[in-house]
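**Student:**
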Ligand code: ATP
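Shown next, in the form of structure tokens:
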């Protein structure tokens, strides 16, 4: 059985994967410097493979991003620029970047071998407790606090973008800065993207976004991790978005019977309609549920609903991957 270690991740000699590097996009084929291996995952924008740097023999992850459309190259350049500014143990590090003029750009990233957090916690040998959840949520908030300290918004916080460093330890890292944006509080920033289950009301309403937008998603992730239920999920994306704007959710399901009032308070202070009233990352880190993890319950949580949630997300990802392939011009023979 795997119990999440109670040690603070930083006490385990938790460091950056490599020295900070000033990465610039190289105008050549990544295969001249890296040998590609097995596929690690895929999303709407990219396919990620294991790879080895030929000169050092070191392993990395290579994310290939389709750049067919006009603005795609600029978007990847922006991702590189933002990742270059982020050097923190809770954040995926960028090692190299390539643009060989074809219809794909490639980012060489720190390799993270523990898989997606939710995939890992639903494994039968993983013991999920409220204490484990609060340890994971604390690290998510630490990563986000650092991102926000650089005036960057992640804007795509969701379970798939939280990876485990190893299969047995308790360390996580935040990934995927493909939708991230530099944030200037004096300039109004509106966005029209995100995953309906995790987007905040201000995104659905096409209103100004800010640091609080990421914290809404933290509230949704925490709600799901503890209960396996998605607070605003409807039968269609439209219904989900209507639920988000109504900001109506509750803790009535029996899945919450075993959950502490402090955990519910933590979520309630994030799922607020007005983003300015939500806790900041720093508030989150001083919230009693996060701060006093030693007091958290070690009672084993029922994961049956969380398993169903993860299986549904796998299906959704598969559909998204097919849609992405179609967008790239692939024809499907079923
Ligand atoms: P999305 O559809 O969520 O926007 P994307 O196309 O931007 O996704 P990523 O989220 O960066 O792509 O990566 C897709 C998947 O690949 C991740 O969910 C993860 O499982 C895997 N992955 C990404 N980066 C790494 C890495 N550095 N090490 C190991 N696996 C990774």
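In our numbering, the protein residues as written are 2 to 335. Every residue, glycine too, gets a C-beta built ideally from N, C-alpha and C.
(1) Closer than 8 Å is the cut-off here; do at least three beta carbon pairs connect the region 140-157 with the region 199-219?
(2) Look up residue 257 in the DSSP assignment and say whether it is helix, strand or coil.
(3) By the three-class DSSP mapping on this structure, what secondary structure does residue 282 have?
(4) Could you check whether the region 74-84 touches the region 32-42, counting it as contact only if at least three pairs of C-beta atoms, one from each stretch, sit closer than 8 Å?
(5) With a threshold of 8 Å between beta-carbons, can residue 163 be considered close to chain D, or not?
(6) With a 10 Å radius around its C-beta and 16 neighbouring C-beta atoms as the bar for buried, classify residue 228 as buried or exposed.
(7) Going by C-alpha distance, which of 96, 120, 115 and 264 is nearest residue 27?
(8) What alpha helix (DSSP H) runs, 4 residues minimum, are completely inside the region 124-155?
(9) Run through the DSSP bridge pairs and tell me what residue 58 is partnered with.
(10) In terms of alpha-carbon separation, which member of 119, 103, 67 and 76 lies closest to residue 315?
(11) Pull the bridge partners of residue 51 from the DSSP assignment, please.
(12) Among 60, 167 and 48, whose alpha-carbon lies nearest the alpha-carbon of residue 323?
(13) Can you list the alpha helix (DSSP H) stretches of 4 or more residues lying completely in the region 163-225, in chain order?
(14) Could you please give the first and the last residue of the uninterrupted alpha helix (DSSP H) stretch that includes residue 119?
(15) Going straight from the alpha carbon of residue 248 to that of residue 183, what length do you get?
(16) Given 7 Å as the limit, tell me if residue 45 has its C-beta closer than that to any heavy atom belonging to the ligand ATP.
(17) Do the CB positions of residue 272 and residue 217 come within less than 8 Å of each other?
(18) So what does DSSP say about residue 296, is it helix, strand or coil?
(19) Is any heavy atom of the ligand ATP found at a distance shorter than 7 Å from the C-beta of residue 173?
(20) Which same chain residues end up closer than 7 Å to residue 194 when comparing Cβ atoms and leaving out the 5 residues on each side of it in sequence?
(21) In three-state terms, what does DSSP make of residue 32?
(22) Cβ of residue 195 versus every heavy atom of the ligand ATP: is any distance shorter than 7 Å?
(23) Between 177, 159, 139 and 123, which has its C-alpha nearest residue 112's C-alpha?
(24) Within the continuous alpha helix (DSSP H) that includes residue 108, where are the two ends?
(25) Alpha carbon to alpha carbon, how far is residue 185 from residue 208?
(26) Considering residue 75, what are the terminal residues of the alpha helix (DSSP H) in which it resides?
(27) In whole angstroms, what separates the C-alpha of residue 54 from that of residue 109?
(28) Count the CB pairs spanning the region 257-267 and the region 234-248 that are closer than 8 Å, and state whether there are at least three.
(29) In whole angstroms, give me the CA-to-CA distance for residue 268 and residue 223.
(30) Can you tell me whether residue 1 is helix, strand or coil according to DSSP?
(31) Report all residues from its chain with a CB closer than 6 Å to the CB of residue 106; omit the five preceding and five following residues, and keep chain order.
**Tutor:** By the coordinates alone:
(1) The region 140-157 is in contact with the region 199-219.
(2) One-based indexing of the chain shown puts residue 257 at position 256. Note: residue 257 maps to helix in three-state DSSP.
(3) As a working note, residue 282 is residue 281 in the chain shown. Correct three-state label for residue 282: helix.
(4) no
(5) No chain D appears in this structure, which consists of one protein chain only.
(6) Here the question's residue 228 lines up with position 227 in the chain shown. Around the beta-carbon of residue 228, 16 or more other beta-carbon atoms lie within 10 Å, marking it buried.
(7) Locating residue 27 in the chain shown gives position 26, counting from the first residue. Comparing Cα-Cα distances from residue 27 to each of 96, 120, 115 and 264, the minimum goes to 96.
(8) 131-150
(9) Sequence index remark: in the chain shown, residue 58 carries index 57 (1-based). Partner(s): none; residue 58 has no beta bridge.
(10) Locating residue 315 in the chain shown gives position 314, where the first residue counts as 1. Here the closest residue by C-alpha is 119.
(11) In the chain shown, the residue the question calls residue 51 occupies position 50. Per DSSP, 62.
(12) Within the chain shown, residue 323 is the residue found at index 322, counting from 1. It is 48.
(13) For the region 163-225, the full-length alpha helix (DSSP H) segments reaching 4 residues or more read 202-205 along the chain.
(14) Within the chain shown, the letter at position 118 stands for residue 119. Going by DSSP, residue 119 is part of the alpha helix (DSSP H) stretching over 118-122.
(15) Here residue 248 is taken as the residue at index 247 of the chain shown, counted from 1. Here residue 183 is taken as the residue at index 182 of the chain shown, counted from 1. Going from the Cα of residue 248 to the Cα of residue 183 covers about 27 Å.
(16) Position 44 of the chain shown, counted from the start, is the residue given in the question as residue 45. Because some heavy atom of the ligand ATP lies under 7 Å away, the Cβ of residue 45 counts as near it: yes.
(17) Locating residue 272 in the chain shown gives position 271, counting from the first residue. Locating residue 217 in the chain shown gives position 216, counting from the first residue. Yes, they are a contact pair.
(18) Looking up residue 296 in the chain shown gives position 295. The answer is helix: DSSP assigns residue 296 an H, G or I state.
(19) Looking up residue 173 in the chain shown gives position 172. Not so, every heavy atom of the ligand ATP lies at least 7 Å from the Cβ.
(20) The count along the chain shown starts at 1 and reaches residue 194 at position 193. Taken in chain order, the residues that qualify are 180.
(21) The sequence position of residue 32 within the chain shown is 31, counting from 1. Of the three classes helix, strand and coil, the one that applies to residue 32 here is helix, per DSSP.
(22) Along the chain shown, read from residue 1 onward, the residue named residue 195 stands at position 194. False, no ligand heavy atom lies under 7 Å from that Cβ.
(23) In the chain shown, counting from the first residue as 1, residue 112 sits at position 111. Ranking the options by Cα distance to residue 112, first place goes to 177.
(24) Residue numbering aside, residue 108 sits at position 107 when the chain shown is read from its first letter. Looking at the DSSP string, residue 108 is not in any alpha helix (DSSP H); the run it does join, the beta strand (DSSP E), is 105-111.
(25) Along the chain shown, read from residue 1 onward, the residue named residue 185 stands at position 184. Along the chain shown, read from residue 1 onward, the residue named residue 208 stands at position 207. Going from the Cα of residue 185 to the Cα of residue 208 covers about 15 Å.
(26) On the chain shown, position 74 is the one that residue 75 refers to. Here the alpha helix (DSSP H) through residue 75 covers 73-85.
(27) Counting from one through the chain shown, the residue named residue 54 turns up at place 53. Counting from one through the chain shown, the residue named residue 109 turns up at place 108. Taking the straight line joining both Cα atoms gives about 9 Å.
(28) In short, these stretches do not touch, since the Cβ pair count stays below three.
(29) The residue labelled residue 268 in the question sits at position 267 within the chain shown. The residue labelled residue 223 in the question sits at position 222 within the chain shown. Rounded to whole angstroms, residue 268 to residue 223 spans 7 Å at the Cα level.
(30) Only positions 2 to 335 of the chain appear in this structure, which leaves residue 1 out of reach.
(31) Taking the chain shown and counting its residues from 1, one reaches residue 106 at position 105. Answer for residue 106: 66, 68, 77 and 100, listed in chain order.
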